[in-house]
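Worksheet: the structure to be examined is printed underneath.
Residue numbers (our numbering): 545 to 899.
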């Protein structure tokens, strides 16, 4: 049996026991946006992974756009996450927290008092989202961010990263994928600004680069990764003719900062356009740090891509929902349990800690 996926690897200064990454998965169990004992149990159960990346966690009150997603911008959040990181470390794992600001993918009913739905431009996402207060609601038109809003948001990422290290995390992943705030600046569907934050490729990558720069200054490049989804269409993102050039420019800028890893998501298994093998190869060859492969992987394809040196680690998402012991099952060839989508985002332990 090919054991490449199960071989140990050094991620910067961090020793990982295997090359399996638990992908970030929104699970909506953080009542009041605070990590709790149920979440501590959930992540501890999955510590077989070489590296866990938490669900998206907001660095700002303005980024809590979904019901029951966790935050990391105050002491209560930090202490809740401390229990989660302890649980994973006690079970022999490593864990990064993913910092995700929802931006325009949000609704005022989901936000704390005084928080705002912010975005690069005042363009709403088409469709509706769930609110605990009022059920399904149409996405609102967001407030176009001012220079002051942008500066505050960048500072919030850096402050959240500092709290992450206080909480005992091994590092942070900046969520620049899937149509959330950083991706909203990258993409012309959501960014129609004509100042230094929009228009050209150089301007559209500026927010991502400035967030990365501030985060690196706060906690060190060896603790910072970034997740990207070129050609992704989630949250009404639209690929354009400059997409390859944009991501390669972003990679160059991240290299200058010495980022630890890039986590590249290909959503073609879920119906999005494919990220071309050519673009993946160019990102792989030009990025100086580690490359995490992501997108509908099974054991055979994971080993094939690792052996072909297309990446260094492979992330698995949904299989981890229903198989906390995924590593053991992949190693022994056991059948995987199929997750129940009805409990992906519902409160409580059902479909969460009871697999």
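Ideal placement from N, C-alpha and C gives every residue a C-beta, glycine not left out.
Here the structure is a predicted model, which is why all the values come from computation and not from measurement.
Sequence-distant residues of the same chain with beta carbon closer than 6 Å to residue i, five excluded per side
| i | result |
| --- | --- |
| residue 778 | 722 and 723 |
| residue 537 | The chain is shown only over 545 to 899; residue 537 falls outside these bounds and no answer can be derived. |
| residue 682 | 672 |
| residue 870 | 863 and 864 |
| residue 867 | 873, 880 and 881 |
| residue 790 | 745 |
Selected residue, minimal CA-CA separation from residue i, among the options
| i | options | result |
| --- | --- | --- |
| residue 580 | 794, 612, 889 and 597 | 612 |
| residue 680 | 610, 789 and 850 | 610 |
| residue 674 | 821, 608 and 794 | 608 |
| residue 857 | 870, 627 and 808 | 808 |
| residue 819 | 784, 740 and 860 | 784 |
| residue 727 | 551, 748 and 547 | 748 |
| residue 810 | 821, 765 and 660 | 821 |
| residue 647 | 626, 606 and 639 | 606 |
| residue 570 | 764, 657, 645 and 799 | 645 |
| residue 833 | 637, 566, 711 and 802 | 802 |
| residue 637 | 655, 717, 656 and 566 | 566 |
| residue 796 | 829, 774, 603 and 735 | 829 |
| residue 546 | 627, 876 and 632 | 876 |
| residue 805 | 889, 718 and 696 | 718 |
| residue 740 | 626, 690 and 625 | 690 |
| residue 812 | 841, 787 and 621 | 841 |
| residue 655 | 817, 625 and 576 | 576 |
Reduced DSSP category for residue i - H, G, I as helix; E, B as strand; rest coil
| i | result |
| --- | --- |
| residue 674 | strand |
| residue 528 | One cannot answer for residue 528 here, as it falls past the ends of the chain, which runs 545 to 899. |
| residue 860 | strand |
| residue 855 | coil |
| residue 893 | coil |
| residue 586 | helix |
| residue 807 | strand |
| residue 652 | helix |
| residue 837 | strand |
| residue 798 | helix |
| residue 878 | coil |
| residue 554 | strand |
| residue 566 | strand |
| residue 559 | strand |
| residue 826 | helix |
| residue 869 | coil |
| residue 737 | coil |
| residue 546 | coil |
| residue 831 | coil |
| residue 888 | coil |
| residue 842 | coil |
Contact set for residue i: own chain, Cβ-Cβ below 8 Å, skip 5 residues either direction
| i | result |
| --- | --- |
| residue 698 | 751, 754, 755 and 758 |
| residue 878 | 872 |
| residue 573 | 580, 582, 583, 586, 612, 891, 892 and 896 |
| residue 651 | 609, 661, 673, 675, 681, 683 and 684 |
| residue 596 | 565, 566, 587, 590, 632, 637, 638, 639 and 640 |
| residue 666 | 685, 686, 687 and 688 |
Inter-residue CB distance, residue i and residue j (contact presumed, cutoff 8 Å)
| i | j | result |
| --- | --- | --- |
| residue 677 | residue 653 | 4 Å |
| residue 880 | residue 855 | Their Cβ separation, rounded to whole angstroms, is 22 Å, which puts residue 880 and residue 855 out of contact at 8 Å. |
| residue 549 | residue 847 | 5 Å |
| residue 742 | residue 664 | 6 Å |
| residue 562 | residue 594 | 4 Å |
| residue 768 | residue 713 | Going by Cβ atoms, the distance from residue 768 to residue 713 rounds to 11 Å, so no, they are not a contact pair. |
| residue 687 | residue 668 | Not really, about 11 Å apart at Cβ, beyond 8 Å. |
| residue 738 | residue 729 | Contact doesn't hold; Cβ gap of about 14 Å is too wide. |
Proximal residues to residue i (C-beta, below 7 Å), its chain only, five neighbours per side dropped
| i | result |
| --- | --- |
| residue 693 | 662 |
| residue 557 | 766 |
| residue 635 | 588 and 591 |
| residue 629 | 639, 711, 712 and 713 |
| residue 850 | 548, 549, 563 and 858 |
| residue 604 | 617, 645, 697 and 700 |
Residue-chain proximity (residue i, chain D), Cβ-Cβ < 8 Å
| i | result |
| --- | --- |
| residue 871 | Here chain D cannot be found, since the structure has a single protein chain. |
**Asked** What runs of the beta strand (DSSP E), each 3 residues or longer, lie entirely inside the stretch 657-720?
**Response** For the stretch 657-720, whole beta strand (DSSP E) runs of length 3 or above, ordered along the chain, are 672-675, 679-682 and 715-720.
**Item:** Length-filtered (4 minimum) alpha helix (DSSP H) runs lying within the stretch 740-794
**Value:** Listed in chain order, they are 745-748 and 750-763.
**Prompt:** Where are the beta strand (DSSP E) runs, 3 residues long or more, that stay fully inside the stretch 570-649, in chain order?
**Reply:** Taking only runs of at least 3 residues, the beta strand (DSSP E) segments lying wholly in the stretch 570-649 are 595-601 and 639-643.
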